[in-house]
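Chain order of the listed sequences is B and G. Read left to right, the first sequence gives residues 0 to 300 (numbering that gives the first Met the number 0). Read left to right, the second sequence gives residues 0 to 224 (numbering that gives the first Met the number 0).
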Amino acid sequence: MFSRIGYAFRETWESFRRNITLTAAAVLTSAVSLLLVGATFLIQRAFENLLVQWRGDVEMIIFVRSDASAEQVALIDSVLRASPTIIDADKLRYLNKTESYEEAKRIFAGDPVTLGLLTPETIPTQFKVVPLSDDPTLVRSLSDQYRTLPGVEAVALAEDEFEVISTLSNFIRVVTLITSLVLLLVAVGLIWNTIRTAMFARRREIEVMKLVGATNWFIRVPFMLEGLLQGLIGGVVSCGGLWLLNSAWTNGVTGFKPGTGISSLVVPDSYLTSVMFILLGIGAFVGAVGSAIAATRFLDV
Amino acid sequence: MIRLENVTKIYGTETVAVRDASFDIPKSQFVFLVGPSGSGKSTLLRLINRQEQPERGDVWVAGQNINELPASRVPHLRRSMGNVFQDYKLLLNKTVFENVAFALEVIGKPRHVIDRQVPIVLDLVGLADKQDRFPNQLSGGEQQRVSIARAFVNRPLIMLADEPTGNLDPNTSEGIMGLLDEINQTGTTVVMATHDHRVVNAMRRRVIQLDRGVIVRDQERGVYE
């Protein structure tokens, strides 16, 4: 058993050295495509920071002054519930100070200055309003009415803030996803070709192996291992690249004017780590698929 | 040991390589397959180690119908056979020792078995002192001995030799034939395809003659003709 494992690793390493240019091309392509996949994840997550307050079809947010009395809050609530044909009373949510502060932490993730100005005591609380009607003018006319209620600090409409970002984020997601998928396919193809070349270079050995009764799996495994390793190394490289990109962005973002929204576009480290694991997984998978196709296709008994 | 029953092999749609061939080779026999190039000798050998499958008929090896063998069992069938070729099929980047060891390595034999078996078989073929040479540092005859050692190191039941003396001069051929004879004496069934009159006539063993894929003669203690 150990001699078999040793054999597989020796052969894999040998083949790596012999095919260094093709291997490098395959590794780099998978790295670049995986980097794009990773970037897609991060961009998506970053935009979510901006969109988090509008999650769940929320179209209108009524911000309540932090010093508003409980009676004022109750009044706003009852006024909102007084229009059951326009506002979905079941989905109406009130975020107290703690909840609002938690949300603010995400919105101002990359903007410590603004976040520092907010405390759980001074933060406005908010009502999240989900309208029943699709008619935006109806919601807008209501918003003008709510603005005048006592204790209301501001009323924000998704239409004004959310739509542009949402459209932009969807567009970026689609473009990066398609590009990375195409590049991943190219990576599979390149790995496939590298393995095919490696097998061609060793066709005499393969012929002898078959004649002396080596099993197909025994012959295949070193090649599949080689492809898997190429994908995995591509994954490692892409992780490094992603880390560099994210660090540069996170550092650069603090230079933007606070409150422009750009500073929200950062991701927590824990998320970055899980994306890296995903990239390693995809890399290994891509390598295994490319080499498995090659090893099966060119190894008919 | 080897039995063919009405075996027909067709390449493509109409090239009949072997037509309705039947014979029975008992254990420990030494058999020559003779005939001009393209008469189907090599195809018969390839049918026996299941590199090819017949269109009609059955091939039996050691009591098993090998055409009904699932693909996953083919490697195990091949471990009971040694193959020797006209062009030796040695791996040029490996030494004599490594070439022979390779055959054991790739069927998962442990190192200590390899280290014990390879010197024994190299001694048998008379190359004990050249085990660290590379194939291109050897003469043709010596290379063929390495390839015989590789075929025999796993002690196969059957040895299939396809024109093993085809590239060798008469003296060297004689040595190779002596070696195959010796292997045959250990109880290994030997099937050798050849068009070398001299070795066939010198050995006087069973001769199966082919002509355009058809067996035209099957004679004990035969000559080439």
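Glycine included, each C-beta is placed from N, C-alpha and C at the ideal position.
Taking 7 Å as the cut-off, the Cβ atoms of residue 78 of chain B and residue 129 of chain B do not count as close. Among the residues of chain B, none has a CB under 7 Å from the CB of residue 151 of chain G; the nearest is roughly 11 Å distant. DSSP, reduced to helix, strand and coil, places residue 94 of chain B within a strand of the structure shown. Residues of chain G whose Cβ lies closer than 7 Å to the Cβ of residue 10 of chain B do not exist, since the nearest Cβ in that chain is about 10 Å away.
The alpha-carbon of residue 124 of chain G is positioned some 37 Å away from that of residue 56 of chain G.
In the DSSP assignment, residue 216 of chain G is bridged to G:208. Beyond the five residues adjoining it in sequence on each side, residue 210 of chain G comes within less than 8 Å, by CB distance, of 34, 35 and 38 in the same chain, given in chain order. Judged by DSSP in its simplified three-state form, residue 4 of chain G adopts strand. Residue pairing by DSSP puts residue 81 of chain G in a beta bridge opposite G:158.
Relative to residue 97 of chain G, the option among G:121, G:76 and G:180 whose CA is nearest is G:121. Look at residue 100 of chain B here: in three-state DSSP terms it is helix. In the DSSP assignment, residue 31 of chain G falls within the unbroken beta strand (DSSP E) covering 29-33. Taking the Cα of residue 220 of chain G as reference, the smallest distance to any Cα among G:213, G:18, G:200 and G:76 is reached at G:200.
Residue 33 of chain B and residue 19 of chain G have their C-alpha atoms some 58 Å from each other.
Assigned with DSSP and collapsed to three states, residue 143 of chain G falls in helix. In the DSSP assignment, residue 290 of chain B falls within the unbroken alpha helix (DSSP H) covering 268-296. As the crow flies, the alpha-carbon of residue 87 of chain B is around 5 Å from that of residue 131 of chain B. At a cut-off of 7 Å between beta carbons, residue 295 of chain B makes no contact with chain G.
In the DSSP annotation of this structure, residue 130 of chain G is not part of any beta strand (DSSP E), being labelled neither H nor E. By the C-beta density criterion, residue 130 of chain G is buried, having at least 16 other C-beta atoms within 10 angstroms. Between residue 207 of chain B and chain G, the shortest Cβ-Cβ separation is below 7 Å. Setting aside the 5 residues that flank it on each side, residue 40 of chain B is surrounded in the same chain by 274, each with a C-beta closer than 6 Å to its C-beta; the list follows chain order. Looking only at B:105, B:166 and B:15, the smallest Cα-Cα distance to residue 48 of chain B is reached by B:105. Uninterrupted beta strand (DSSP E) stretches at least 3 residues long and entirely within the segment 40-107 of chain G occur at 55-60 and 80-84, given in chain order. Against chain G, the CB of residue 298 of chain B has no partner CB under 7 Å away; the residue lies outside that interface.
Taking 7 Å as the CB threshold, residue 78 of chain G lines the interface with chain B. In the same chain as residue 198 of chain B, and ignoring 5 residues on each side of it, the C-beta atoms closer than 8 Å to its own belong to 205, 222, 293, 294, 297 and 298, in chain order. Spatial neighbours of residue 184 of chain G in its own chain (CB-CB distance under 7 Å, excluding positions within 5 residues in sequence) are not present. Residue 88 of chain B is not bridged by DSSP to any residue. Only buried fits residue 24 of chain G, as 16 or more other CB atoms lie within 10 angstroms of its CB. Per DSSP, residue 152 of chain B is one residue of the beta strand (DSSP E) stretching across 151-156. Look at residue 14 of chain B here: in three-state DSSP terms it is helix. One alpha carbon belongs to residue 195 of chain B, the other to residue 165 of chain G, and they sit about 33 Å apart. Cβ-Cβ distances below 8 Å link residue 64 of chain G to 57 and 58 in the same chain, with the five nearest sequence neighbours on each side left out; the list follows chain order. The contact set of residue 214 of chain B on chain G, defined by CB atoms closer than 7 Å, consists of 74 in chain order. Listed as beta-bridge partners of residue 125 of chain B by DSSP are B:62 and B:94.
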